[in-house]
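K.L.:
From first to last, the protein sequence lines stand for chains A and B.
Residue numbering for the first sequence follows the numbering used here, beginning at -12 and increasing consecutively.
Residue numbering for the second sequence follows the numbering used here, beginning at 21 and increasing consecutively.
Once you've had a glance at the structure underneath, I'll fire off some questions.
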Amino acid sequence: MSEKEELTPELKARLKEEYQKPWRQELRRAVPAKERTKIPRQKMPERPPEVRNRDFCEVNLGLEKEVAQLEARRCLDCANPACVQGCPVSIDIPSFVKLIEAGEFILAARKIKETNSLPAICGRVCPQETQCEAVCNLKKVAGVPVAIGNLERFVADYERRNGEIFVPSLPPATGKKVAVIGAGPAGLTVAGELAKKGHQVTIFEALHVAGGVLVYGIPEFRLPKSILQAEVDYLKRLGVEIKLNFVVGKTATLDDLRAEGYEAFFIGTGAGLPNFMKIPGENLIGVYSANEYLTRVNLMRAYDFPRYDTPVIIGRQVAVIGGGNVAMDSVRTAKRLGAKRAMIIYRRSRHEMPAREEEVKHAEEEGIEFHFLTVPIRYIGDEYGRVRAMECQRMELGEPDSSGRRRPIPVPGSEFITEVDLAVVAIGQSPNPLIPQTTAGLKVGKWGNVEVDWSTMATNVEGVYAGGDIVRGGATVILAMGDGRRAAASIDDFLRNKKQS
Amino acid sequence: MAKIIQRQKLVPNIHLIEVEAPEVARKARPGQFVILMPDERGERIPLTLADWDAEKGTATSVFMVVGTSTEKLSRLKAGDELPVYVGPLGRPAEIGYFGTVLCAGGCFGIGAIFPLARAYKQAGNRVLTLLDARARYLLYWEDKLRKVSDEVHLALRDDQILPQEYIPYRLKELMARGEKIDRVHVVGCTYLMSSCSEATRPLGIKTIVSLNPIMLDGTGMCGACRVSVGGGTKFACVDGPDFDGHLVDWNELYARRKAYLEEETRSLCEWEKTLFPGENKL
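See below:
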């Protein structure tokens, strides 16, 4: 499932063509490479930790125009841009960065949108440090890569704030109906791509707001709802219909939709089944799945209780189990809701944590405690069935396991008890079984994930495609969007060939 | 948005709500539920389907007013719209021929047991229905249930609170007169369901309960509704809501149902203040 794909010959040719354009040559000549490497990486302005850990406003403030241009000047505009290869959706990174340097911000935004319809979101939540920025040639030369993610965010925000969101002219309608199931990152991507090809797209969403994990999972302080809303509005302007409060598999099955005239389907229902550790006391009041905790706060706005009716338990001593981005989101949320101690309990060491470096850094600054090589073994409740403490055990690292990370091994006799009044389990999720259970013949793997041909994202059922966490089990927004793009291209092919037959 | 066709008070504190929802009505099966929100700030609350009409395209639930969201719901009227109405959710009840089936309902469960009694009857079972209400004036739908039952028995406590006026006792009475009961299905408050399960446990009669834990999404995504059944954890929204009453960890369910008692009280107080803005300035 490696995403470092070789670039296609067409893409290579297009990159070369852009590279050789006169304005690019001029820009390269204007500032010598040596001088570019001397410019320090421009810092993302952030709100102070002791202020931001009390509210839900965004942590990062975004780059100013001049700062963005200076950052863009650091880019060496390489003849063979490794960054494009590092991007799961192969954005033409040098072109958009150089457009920023030239001050053409709107054109830069459109350049990104040729391959990524949700740049304001990706600029915020993509793990650039392990993708485009990890392979940036400047990193090899000067040690610090171009801040590609921050620049992506800058142009997307610039375009939105200046009210110049570009809606491409649409080709004549093909009259083909496509059903996209799930309005998360994968589904939104598929819908946007297919609408641009002239197909009639309907998204079916189980919840009452579109966005999937972007709305129920990722908190406001990392991804403001207004940004997601702008992206959803953009899709509507492309003619995409969004049917909320519609559970495919329950309200209607995929086969029912086929009978209604939908010719192609994309399953992007995500990993909506939280994992628990199956340890004693896990059903005590005050032990949440991360999904429940974040959904209460983000989607149902429990942070604004009692103005909103949905409550959430306000923990004073909060333990979040896990070391991924969802764990970071949960623990930082707990801190913002007033926790005195907000702790990450992670069974491996800092080095193995899957969370983004930036999230870990932000969490540390905000006063989050990290307890590594520690695992809970039971929760202890009071006479009302509420969690009051947690028994943990220390771990040490052994040989690497199948994931390549060193396996944690319990240290005998190292058990200890710590007081907690809220525990959030953020140890991953399994694919939601609703669609596989109700779609005749759909092939699933041993974890319940829908099986696809990775080159086309096609399932074994004709006309049915899938992508994102329902296929991967638990990955990132950008990988889901990459799946969405590949699936959209295959669905378009499928519909066009079908027309001829 | 789903339009309300009617909202009617059946008895004090218990209301009926009929909603225009053709897709739900088309797919609904006995034992399933919907999730709705009374307004944009409300909670997502699960309500068991008490009836539906595929032709007319409407679905009906019966609910008791317990907190802010149900209080808000009880004030809506025909023509108002619900921002969220989604379903049908949960697995349908297992309906088949079992012989004699006893359907027991109390409170909102009198409404919720109706489609089950009807379905058991249609499947050829002899249906005995037991209805629980604290007093006769809190009883509703008796006629409706008589039409789909072979016998209807009541447990009412108008005059005196006596043990024989509770469903578990009534159930034992039926057994004492030689009635062979093959299956029991109970819908109502946690107490009704757990006490019926305890009454049938020594007799070994399969007892199905429709659990109603707190839910959020209702599609298995959050795990708020987890219940311990037979030593394992189940999600009531996707694995249920029906479970074997003899396997449910009732004490855990009692506790979890009360998880937000304090918050619910506070929420209701705050909201009620907004109803009387002038009298709020102390």
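Every residue gets a Cβ at the ideal spot worked out from N, C-alpha and C, and that includes glycine.
Predicted, not measured: the structure shown is a model, and the values here were computed from it.
For Ser230 (chain B), which residues from the same chain have a beta carbon less than 6 Å from its beta carbon, with the 5 sequence-adjacent residues on both sides left out?
P.N.:
The answer, listed in chain order, is Val207, Pro261, Asp262.
K.L.:
Where does Ile511 (chain A) sit, in a helix, a strand or coil, going by DSSP?
P.N.:
Chain A is shown only over -12 to 488; residue 511 (chain A) falls outside these bounds and no answer can be derived.
K.L.:
So, with DSSP's three-state summary, where would you put Gln380 (chain A)?
P.N.:
Residue state, collapsed to three classes: strand.
K.L.:
Are the region 233 to 246 of chain B and the region 402 to 420 of chain A touching by the rule of at least three beta carbon pairs closer than 8 Å?
P.N.:
Yes, the region 233 to 246 of chain B touches the region 402 to 420 of chain A.
K.L.:
What are the residues in the region 253 to 284 of chain B lying within 9 Å of chain A by C-beta distance?
P.N.:
If the cut-off is 9 Å between Cβ atoms, the region 253 to 284 of chain B has Thr253, Phe255, Val258, Asp269, Asn271, Glu272, Tyr274, Ala275, Arg276, Lys278, Ala279, Tyr280, Glu282, Glu283, Glu284 near chain A.
K.L.:
Tell me which residues share the same chain as Glu228 (chain A) and place their Cβ nearer than 6 Å to its Cβ, disregarding the 5 neighbours each side in the sequence.
P.N.:
Taken in chain order, the residues that qualify are Thr189.
K.L.:
Name, please, each residue of chain A whose Cβ falls closer than 7 Å to the Cβ of Arg286 (chain B).
P.N.:
Under the 7 Å cutoff, chain A gives Pro293.
K.L.:
Taking Ile266 (chain A) as the query, report the chain B residues whose CB atoms sit under 7 Å from its CB, ordered along the chain.
P.N.:
Residues of chain B passing the Cβ test: none, with the nearest at roughly 11 Å.
K.L.:
Please state the DSSP three-state secondary structure of Tyr211 (chain B).
P.N.:
In this structure, Tyr211 (chain B) counts as helix in the three-state DSSP scheme.
K.L.:
Rounded to whole angstroms, what is the Cα-Cα separation between Leu223 (chain B) and Gly198 (chain B)?
P.N.:
If I take the Cα positions, the gap works out to 13 Å.
K.L.:
Using a Cβ-Cβ distance cut-off of 8 Å, determine whether Gly259 (chain A) contacts chain B.
P.N.:
Chain B contact via Cβ: present.
K.L.:
Roughly how many angstroms separate the alpha carbons of Ala289 (chain A) and Leu148 (chain B), rounded to a whole number?
P.N.:
Distance between the alpha carbons of Ala289 (chain A) and Leu148 (chain B): 44 Å.
K.L.:
Span of the alpha helix (DSSP H) holding Gly136 (chain A)?
P.N.:
Where Gly136 (chain A) is concerned, the enclosing alpha helix (DSSP H) stretches over 135 to 148.
K.L.:
By Cβ distance, which residues of its chain are closer than 6 Å to Val165 (chain A), with the 5 residues on each side in sequence left out?
P.N.:
Only Leu181, His186, Val188, Ala251 meet the Cβ criterion.
K.L.:
Is Glu116 (chain A) close to chain B, meaning its C-beta is less than 8 Å from at least one C-beta of that chain?
P.N.:
No, because no Cβ of chain B sits closer than 8 Å to the Cβ of Glu116 (chain A).
K.L.:
To the nearest angstrom, how far is the alpha carbon of Ala20 (chain A) from that of Ala55 (chain A)?
P.N.:
If I take the Cα positions, the gap works out to 18 Å.
K.L.:
In terms of alpha-carbon separation, which member of A:Arg473, A:Arg343, A:Ser77, A:Pro298 lies closest to Arg209 (chain A)?
P.N.:
When each option's Cα is compared against that of Arg209 (chain A), the closest is A:Arg343.
K.L.:
Helix or strand or just coil, what does DSSP make of Pro297 (chain B)?
P.N.:
Here Pro297 (chain B) sits in helix by DSSP.
K.L.:
Measuring only the C-alpha atoms, how far is Glu4 (chain A) from Val200 (chain A)?
P.N.:
Each residue's Cα considered, the two are about 38 Å apart.
K.L.:
Taking Cβ-Cβ distances shorter than 7 Å, what residues in chain A pair up with Val229 (chain B)?
P.N.:
By Cβ distance, chain A contributes nothing, its closest Cβ being about 17 Å from Val229 (chain B), past 7 Å.
K.L.:
Going by other Cβ atoms of all chains shown within 10 Å of its Cβ, with 16 needed for buried, is Cys123 (chain B) buried or exposed?
P.N.:
Per the 10 Å Cβ criterion, buried.
K.L.:
For Leu281 (chain A), report the span of its alpha helix (DSSP H) as first-last.
P.N.:
Leu281 (chain A) -> alpha helix (DSSP H) spans 277 to 281.
K.L.:
Along chain B, in chain order, which residues have C-beta atoms closer than 7 Å to that of Tyr371 (chain A)?
P.N.:
Correct list: Ala275.
K.L.:
Could you tell me whether the Cβ of Arg525 (chain A) comes closer than 8 Å to any Cβ of chain B?
P.N.:
No answer is possible for residue 525 (chain A): the residues shown for chain A start at -12 and end at 488.
K.L.:
Answer with yes or no whether the minimum CB distance from Asp456 (chain A) to chain B is below 8 Å.
P.N.:
No, its Cβ sits nowhere closer than 8 Å to a Cβ of chain B.
K.L.:
Tell me which same chain residues have a C-beta within less than 7 Å of the C-beta of Val172 (chain B), skipping the five on either side of it?
P.N.:
Counting only Cβ-Cβ distances below 7 Å, and skipping sequence neighbours, we find Thr149, Leu151, Glu162, Leu165, Arg166.
K.L.:
Closer than 8 Å between beta carbons: that is the criterion. Which residues of the region 101 to 116 of chain B meet it against chain A?
P.N.:
Under the 8 Å Cβ criterion, the region 101 to 116 of chain B contributes Pro103, Val104, Tyr105, Val106, Gly107, Pro108, Leu109.
K.L.:
State buried or exposed for Ala59 (chain A), treating a residue as buried only when at least 16 other CB atoms are found within 10 Å of its CB.
P.N.:
Burial call: buried.
K.L.:
Spatial neighbours of Leu(-6) (chain A) within its chain, please: C-beta separation below 7 Å, excluding the five flanking residues on both sides.
P.N.:
So the qualifying residues of the chain are Val71, Gln72, Ser77.
K.L.:
Return the chain-ordered list of same chain residues with a C-beta closer than 6 Å to the C-beta of Lys430 (chain A), the five sequence neighbours on each side being excluded.
P.N.:
Contacts found: Glu438, Asn447.
K.L.:
Leaving aside the five residues before and after Pro68 (chain A) along the sequence, list all residues of the same chain whose C-beta is less than 7 Å from its C-beta, in chain order.
P.N.:
Only Leu2, Ile80, Pro81 meet the Cβ criterion.
K.L.:
Mind checking which residues open and close the alpha helix (DSSP H) that includes Tyr221 (chain A)?
P.N.:
Where Tyr221 (chain A) is concerned, the enclosing alpha helix (DSSP H) stretches over 212 to 224.
K.L.:
Closest by CA to Asp202 (chain B), which one among B:Pro188, B:Leu109, B:Thr220, B:Glu193?
P.N.:
When each option's Cα is compared against that of Asp202 (chain B), the closest is B:Thr220.
K.L.:
Mind checking which residues open and close the alpha helix (DSSP H) that includes Gln72 (chain A)?
P.N.:
Its alpha helix (DSSP H) spans residues 69 to 73.
K.L.:
Quick check: the region 254 to 266 of chain A against the region 169 to 177 of chain A, are there 3 or more CB pairs under 8 Å?
P.N.:
In short, these stretches touch, since the Cβ pair count reaches three.
K.L.:
Should Ile34 (chain B) be listed as close to the ligand FMN, given that the test is whether its C-beta is under 7 Å from any heavy atom?
P.N.:
Because no ligand of any kind appears in the structure shown, any question about the ligand FMN cannot be addressed here.
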